[in-house]
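Chemist: Mapping of the sequence shown onto numbering that gives the first Met the number 0: residues 0 to 479, in sequence order. The C-beta atom is built at its ideal place from N, Cα and C for all residues, glycine as well. Predicted, not measured: the structure shown is a model, and the values here were computed from it. Dropping the structure in here first, questions after.
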Amino acid sequence: MGRYLYDPPGSTLDKEIKPGELQRMFDAGLRVFPIYQDNARELSDFTYTQGYQHGLNAHALAAGYGFNRGTVIYFAVDYDATQEEIDAAIVPYFHGVAGALSNQGKRYIHGVYGSRNVCHNVTNRTDARYSFVSGMSWGFSGNLGFTLPPNWSFNQIKEFLVTNGADQFDLDRDVWRNGSDPGTSSVNSSAGPADDFIDYISRLYDIAVDYGSSDRRPSQLVMEFIRHERYGGADWDFLIGGYDGDFVGHAKSRGMSVMKEFTDPFTGHELGAEHLMATANGHLVTPQPSNPKSVNGGDVAGWGGDLLTFYVDWRNSKEQYPSGHTFCLERLAKIGVTSSFGFADLVEDADGYLLARAVNAGRTIVDAVRDHYNGGGGLRRFRDYYAKRFTNAEDANFLAHNMLTAFDDVKVVAAQKFLVLVQGGAALPETIGYSELQPYEQGFADTLLARTGQEESLVSTYKKNHEAYLRAARSRAARR
Numbered sequence: 000m001g002r003y004l005y006d007p008p009g010s011t012l013d014k015e016i017k018p019g020e021l022q023r024m025f026d027a028g029l030r031v032f033p034i035y036q037d038n039a040r041e042l043s044d045f046t047y048t049q050g051y052q053h054g055l056n057a058h059a060l061a062a063g064y065g066f067n068r069g070t071v072i073y074f075a076v077d078y079d080a081t082q083e084e085i086d087a088a089i090v091p092y093f094h095g096v097a098g099a100l101s102n103q104g105k106r107y108i109h110g111v112y113g114s115r116n117v118c119h120n121v122t123n124r125t126d127a128r129y130s131f132v133s134g135m136s137w138g139f140s141g142n143l144g145f146t147l148p149p150n151w152s153f154n155q156i157k158e159f160l161v162t163n164g165a166d167q168f169d170l171d172r173d174v175w176r177n178g179s180d181p182g183t184s185s186v187n188s189s190a191g192p193a194d195d196f197i198d199y200i201s202r203l204y205d206i207a208v209d210y211g212s213s214d215r216r217p218s219q220l221v222m223e224f225i226r227h228e229r230y231g232g233a234d235w236d237f238l239i240g241g242y243d244g245d246f247v248g249h250a251k252s253r254g255m256s257v258m259k260e261f262t263d264p265f266t267g268h269e270l271g272a273e274h275l276m277a278t279a280n281g282h283l284v285t286p287q288p289s290n291p292k293s294v295n296g297g298d299v300a301g302w303g304g305d306l307l308t309f310y311v312d313w314r315n316s317k318e319q320y321p322s323g324h325t326f327c328l329e330r331l332a333k334i335g336v337t338s339s340f341g342f343a344d345l346v347e348d349a350d351g352y353l354l355a356r357a358v359n360a361g362r363t364i365v366d367a368v369r370d371h372y373n374g375g376g377g378l379r380r381f382r383d384y385y386a387k388r389f390t391n392a393e394d395a396n397f398l399a400h401n402m403l404t405a406f407d408d409v410k411v412v413a414a415q416k417f418l419v420l421v422q423g424g425a426a427l428p429e430t431i432g433y434s435e436l437q438p439y440e441q442g443f444a445d446t447l448l449a450r451t452g453q454e455e456s457l458v459s460t461y462k463k464n465h466e467a468y469l470r471a472a473r474s475r476a477a478r479r
């Protein structure tokens with residue numbers, strides 16, 4: 000059931016959650032998804048600053064009601080915004096929302112309520128986790144000719160009048176997409192979305208320390224156990240070395256099994272623990288070369304392998320996407336778009352790299368995972384990843400080109416041939432002209448830079464707007 004966090008001053012709709020209402024719904028077996036709307040019915044309601052202030056207000060209200068960490072809050076666009084208005088005001092508004100939530104520690108994640116076109120744009124350009132589609136507004140131009148966004152969770156299809164004695168009210172009927180936002184069935188939990196994964200890593204690490212009969216660090220044994228089922232064949236043995244089978248047996252005898260996935264606290268997306276730890280394992284045993292433009296087997300275990308398989312996707316779609324750059328911009332690391340290099344894959348590549356660096360610097364995998372997912376490291380994952388592995392736009396292009404065509408590292412060459420030629424059935428990148436290949440490489444570099452820039456923008460604009468917000472708050476308090 001959707002419930003509103005806020006009634007703006009002067010509103011006569013009386014939509015805000017009432018005292019005790021949440022618990023009554025939970026007791027009745029209902030789940031709740033929170034909505035934030037402050038007017039939101041015309042263009043002037045949407046600016047970056049208003050989005051920022053609304054994000055702060057929504058965070059405070061949701062925390063006051065006790066909504067748990069990781070809850071998606073749907074911010075409303077309750078009018079038929081045109082594409083021009085979406086570009087000029089709606090998207091900046093949601094950047095403000097995202098900036099405020101991010102810099103409150105990202106306890107909550109933003110979603111969007113609006114027409115199909117609004118939901119598409121806000122999702123693609125601000126990483127909204129889920130969309131609540133105003134489907135019953137069939138006359139909205141933003142619903143005409145547009146498909147449902149890939150991340151839709153609720154679709155509002157009908158309003159009907161409910162009569163309960165002398166009480167009457169309008170109730171919307173919504174369609175829920177199976178497997179999307181589950182809503183919340185409780186409040187005031189101290190647990191975070193990644194706590195089960197952190198606890199799992201801690202238990203596995205203790206078993207690795209107790210094991211003691213290996214020349215490998217306990218942190219490495221943890222990575223090997225988690226990746227061994229899906230990333231433990233002969234190809235991975237060649238790439239990053241075999242896993243310790245005796246430890247795998249020992250951990251299983253202690254009741255451990257492979258944890259497949261967990262929820263990222265900062266995006267709300269499910270992350271694959273096996274791919275994450277295979278990436279970390281690769282970067283751990285084969286740290287990046289001293290030459291910032293060179294690539295190696297550790298890169299293949301992460302971003303490089305994904306770039307090669309995504310190259311195959313492009314070559315198999317070249318009639319539809321003759322430009323590799325366009326293919327990257329439309330399909331690389333996009334929320335709700337199925338590809339061999341999806342959004343979660345890029346997050347796992349970044350996180351795996353950063354976890355490996357932390358362990359190689361002396362941290363345990365337990366501390367590294369806890370700091371990253373519960374200590375705020377994930378809020379700057381793309382900035383740190385880009386700065387430490389790719390450095391700048393020129394080097395990012397070089398790295399992409401070398402991953403696709405280099406011949407001076409036996410493991411990279413083997414990956415090119417196996418992933419592209421043998422497994423993918425496509426022509427090797429080195430056989431197509433540079434003028435055709437370079438835009439694909441540029442698309443990869445541009446995607447990384449865009450993710451990095453988005454994080455940097457959230458930080459810089461937060462500082463500016465937070466200071467302005469505090470000054471305004473002090474001024475209001477002085478006038479009272």
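Inspect the beta-carbon positions of Q441 and H324 and report whether they are closer than 8 Å.
Modeler: Yes, they are a contact pair.
Chemist: What number of angstroms, rounded off, separates the C-alpha of I156 from the C-alpha of W175?
Modeler: So the alpha carbons of these two residues sit roughly 11 Å apart.
Chemist: Sort V186, A233, L143 by Cα distance to L60 and report the nearest one.
Modeler: When each option's Cα is compared against that of L60, the closest is V186.
Chemist: Find the nearest neighbour of I108 within the set G95, D77, R115, Q22, judged by alpha-carbon distance.
Modeler: When only C-alpha atoms are compared, the closest one is G95.
Chemist: Please classify H465: does DSSP put it in a helix, a strand, or coil?
Modeler: With a pLDDT of 47 at H465, under the threshold of 50, the modelled position of this residue cannot be trusted; read the value that follows with caution. H465 falls in the helix class under three-state DSSP.
Chemist: Whose C-alpha, out of V284, V311, Y310, is nearest the C-alpha of D298?
Modeler: Considering only alpha carbons, the answer is V284.
Chemist: In three-state terms, what does DSSP make of R172?
Modeler: Residue state, collapsed to three classes: strand.
Chemist: Are N142 and S101 close, meaning C-beta to C-beta below 8 Å?
Modeler: The answer is no: Cβ separation not under 8 Å.
Chemist: Report back the beta-carbon spacing between M255 and I206 to the nearest angstrom; my notes put them in contact at under 8 Å.
Modeler: The Cβ separation is near 7 Å, so the contact holds.
Chemist: Measure from the alpha carbon of F139 to the alpha carbon of each residue in Q36, S189, Y78, G231, then state which is nearest.
Modeler: The shortest C-alpha separation from F139 is found at Y78.
Chemist: In three-state DSSP terms, what is T146?
Modeler: Three-state DSSP puts T146 in coil, outside helix and strand.
Chemist: Kindly identify the DSSP beta-bridge partner or partners of L160.
Modeler: D169.
Chemist: Near F389, which residues of its chain fall below 7 Å by C-beta distance, leaving aside the five closest residues on each side in sequence?
Modeler: Here the set comprises A395, L398, L447.
Chemist: What residue range is occupied by the uninterrupted alpha helix (DSSP H) comprising S218?
Modeler: From DSSP, the alpha helix (DSSP H) with S218 extends over 217 to 226.
Chemist: If you draw a straight line from the alpha carbon of S322 to that of R314, how long is it in whole angstroms?
Modeler: Taking the straight line from one Cα to the other gives about 10 Å.
Chemist: Looking only at C-alpha atoms, which of A414, L418, Q167, H227 sits nearest to N295?
Modeler: Of the candidates A414, L418, Q167, H227, the one whose C-alpha sits nearest the C-alpha of N295 is A414.
Chemist: Roughly how many angstroms separate the alpha carbons of Y242 and D214, rounded to a whole number?
Modeler: Rounded to whole angstroms, Y242 to D214 spans 12 Å at the Cα level.
Chemist: Taking the DSSP output, what are the residues bridged to L130?
Modeler: Inspection of the sequence shows that residue 130 is occupied by Ser rather than by Leu. Answer by DSSP bridge pairing, in chain order: V111, W151.
Chemist: In the DSSP assignment, what are the bridge partners of Y384?
Modeler: According to DSSP, Y384 bridges with nothing at all.
Chemist: L307: which of E429, G281, G248 sits nearest, CA to CA?
Modeler: Among E429, G281, G248, the Cα nearest to that of L307 belongs to E429.
Chemist: Based on the DSSP secondary-structure assignment, which residues constitute the bridge partners of A2?
Modeler: In the sequence on display, residue 2 carries Arg and not Ala. Looking at the DSSP assignment, R2 forms a beta bridge with P33.
Chemist: If you count every other CB in all the chains shown that lies within 10 Å of the CB of E449, and 16 or more means buried, which is it?
Modeler: Correcting the residue identity first, residue 449 is Ala in this sequence and not Glu. Burial call: exposed.
Chemist: By the three-class DSSP mapping on this structure, what secondary structure does I72 have?
Modeler: Strand, per DSSP.
Chemist: If the criterion is Cβ atoms closer than 8 Å, does the pair V132 and I85 meet it?
Modeler: Contact flag unset, no.
Chemist: Taking the beta carbon of S338 as the centre, do at least 16 other beta carbons fall within 10 Å, making it buried, or is it exposed?
Modeler: It counts as buried.
Chemist: Looking at I89: is its Cβ nearer than 8 Å to the Cβ of N120?
Modeler: Cβ distance < 8 Å, so I89 and N120 count as in contact.
Chemist: Quick test of the definition: if touching needs 3 or more C-beta pairs under 8 Å, does the segment 253 to 271 touch the segment 209 to 228?
Modeler: Touching, yes.
Chemist: Given that a residue counts as buried once 16 or more other Cβ atoms are within 10 Å of its Cβ, and exposed if not, what is Y439?
Modeler: Buried: at least 16 other Cβ atoms inside 10 Å.
Chemist: Is it buried or exposed, Y461, if we count other Cβ atoms within 10 angstroms and call 16 or more buried?
Modeler: Any answer about Y461 is weak, because its pLDDT of 46 lies below 50 and its placement is not dependable; what the coordinates show is given next. So Y461 counts as buried.
Chemist: So which of N290, Y64, I34, G304 has the shortest CA-CA distance to E347?
Modeler: When each option's Cα is compared against that of E347, the closest is G304.
Chemist: Any idea what DSSP makes of F389, helix, strand or coil?
Modeler: The answer is helix: DSSP assigns F389 an H, G or I state.
Chemist: Our contact map puts F66 next to P33 with C-beta atoms below 8 Å; I'd like the distance itself, whole angstroms only.
Modeler: Between P33 and F66 the Cβ distance is about 6 Å, and since that is below 8 Å, they are a contact.
Chemist: Quick check: the Cα distance between G178 and R106, rounded to an integer number of angstroms?
Modeler: Looking at the two C-alpha atoms, the distance is approximately 22 Å.
Chemist: Could you give the distance in angstroms between the alpha-carbon of D126 and the alpha-carbon of G211?
Modeler: Spanning the two alpha carbons is a distance of roughly 44 Å.
Chemist: Is the CB-CB distance between V31 and T183 below 8 Å?
Modeler: Yes, Cβ-Cβ distance for V31 and T183 is below 8 Å.
Chemist: If we count the other Cβ atoms within 10 Å of its Cβ and call it buried at 16 or more, is T70 buried or exposed?
Modeler: That one is buried.
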